[in-house]
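Participant: Here's a structure for you.
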Amino acid sequence: DSGVTQTPKHLITATGQRVTLRCSPRSGDLSVYWYQQSLDQGLQFLIQYYNGEERAKGNILERFSAQQFPDLHSELNLSSLELGDSALYFCASSVRTSGSEQFFGPGTRLTVL
Amino acid sequence: GDSVTQMEGPVTLSEEAFLTINCTYTATGYPSLFWYVQYPGEGLQLLLKATKADDKGSNKGFEATYRKETTSFHLEKGSVQVSDSAVYFCALGNQAGTALIFGKGTTLSVSS
């Protein structure tokens with residue numbers, strides 16, 4: 097158990113809908129990262145937050161957004177969902193903003209029908 | 578940009594066989610290198626890491642050495658077990674030290 101929690105574990109929804117994925121980092125970790133794992137693209141970095149502020153952006157679509165709250169949990173919002181958004185979404189956390197180990201949560205499997 | 582290339586799988590071995598999973602990288606500077614493992618239905622777990630050239634990371638019988646001259650970080654284990662069956666990902670820390678850049682993953686299947 098990494099100490100990173102993600103909810104829900106599974107999410108099934110329809111095209112055009114909007115969903116929210118939630119992540120709670122390990123106790124004491126200030127950085128939260130979001131990754132997408134799909135069969136065709138592999139594991140891709142989406143976005144990073146550190147202590148409530150956005151720090152780095154990867155291949156995140158404009159339909160997707162994230163935030164980190166004062167209690168350090170983070171939410172990833174996915175809107176106008178398409179079939180291709182079906183994937184496993186991982187959250188990871190680390191102590192510092194860069195250079196430290198990232199600990200991964202169990203992931204949320206999103207299926208868009 | 579930075580990238581990681583690892584050998585395609587699946588790799589199928591018998592118990593107690595020797596394991597090598599090749600990983601090479603392209604990056605500017607001197608990134609940190611990692612191996613993560615993903616067991617079925619679970620998230621990624623850090624297996625080992627190395628932060629500078631010639632460093633050897635090791636954990637649970639697995640080893641990998643940071644080779645700057647060949648830009649490689651191959652994963653090895655002398656004697657695999659059925660419980661090692663999983664997907665193994667090689668990764669590097671990007672130049673800013675924020676995101677991890679992953680290889681495509683190598684599936685290892687060990688039979689008794």
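Sequence order for the protein chains is A and B. Residues are numbered in my numbering as their position in the first sequence, beginning at 1, plus a constant of 96. Residues are numbered in my numbering as their position in the second sequence, beginning at 1, plus a constant of 577. Think of the CB as a built atom: it goes at the ideal place given N, C-alpha and C, for glycine as much as any other residue.
Is L117(A) buried or exposed, if buried means 16 or more other CB atoms sit within 10 Å of its CB?
Facilitator: Its Cβ being crowded by 16 or more others within 10 Å, L117(A) is buried.
Participant: Which residues in the same chain have their Cβ closer than 6 Å to the Cβ of A627(B), if we skip the five residues on either side of it in sequence?
Facilitator: Once the five neighbours on either side are set aside, the close Cβ partners of A627(B) are L610, G634, Y643.
Participant: Contact between the segment 641 to 657 of chain B and the segment 118 to 136 of chain A is defined here as three or more beta-carbon pairs at a separation below 8 Å; is this criterion met?
Facilitator: Short answer: they don't touch.
Participant: Roughly how many whole angstroms lie between the Cα atoms of M584(B) and H106(A)?
Facilitator: Going by the C-alpha atoms only, they are around 30 Å apart.
Participant: Count the CB pairs spanning the segment 198 to 207 of chain A and the segment 178 to 186 of chain A that are closer than 8 Å, and state whether there are at least three.
Facilitator: Verdict: yes, contact present.
Participant: Under 8 Å, do E178(A) and T111(A) count as touching if we go by C-beta distance?
Facilitator: Going by C-beta atoms, E178(A) is nearer than 8 Å to T111(A).
Participant: Identify the contact partners of P202(A) in chain B, using a Cβ-Cβ distance below 7 Å as the criterion.
Facilitator: Per Cβ cutoff of 7 Å: E619, G620.
Participant: Just the chain A side, please: which residues come within less than 8 Å of G682(B) by C-beta, in chain order?
Facilitator: Result: G138, L139.
Participant: Decide if the segment 137 to 147 of chain A is in contact with the segment 593 to 608 of chain B; the criterion is three or more beta carbon pairs, one per stretch, under 8 Å apart.
Facilitator: No: fewer than three Cβ pairs fall under 8 Å.
Participant: Identify which residue in L209(A), D97(A), Q133(A), V128(A) has its Cα closest to the Cα of A162(A).
Facilitator: Of the listed residues, the one whose Cα sits closest to A162(A) is V128(A).
Participant: Please report the straight-line C-alpha distance between P100(A) and Y602(B), rounded to a whole angstrom.
Facilitator: Position check: residue 100(A) holds Val in this sequence, whereas Pro was assumed. Rounded to the nearest angstrom, the two C-alpha atoms are 28 Å apart.
Participant: So is N671(B) buried or exposed if we call it buried at 16+ other beta carbons inside 10 Å?
Facilitator: When all chains shown are included, N671(B) counts as buried.
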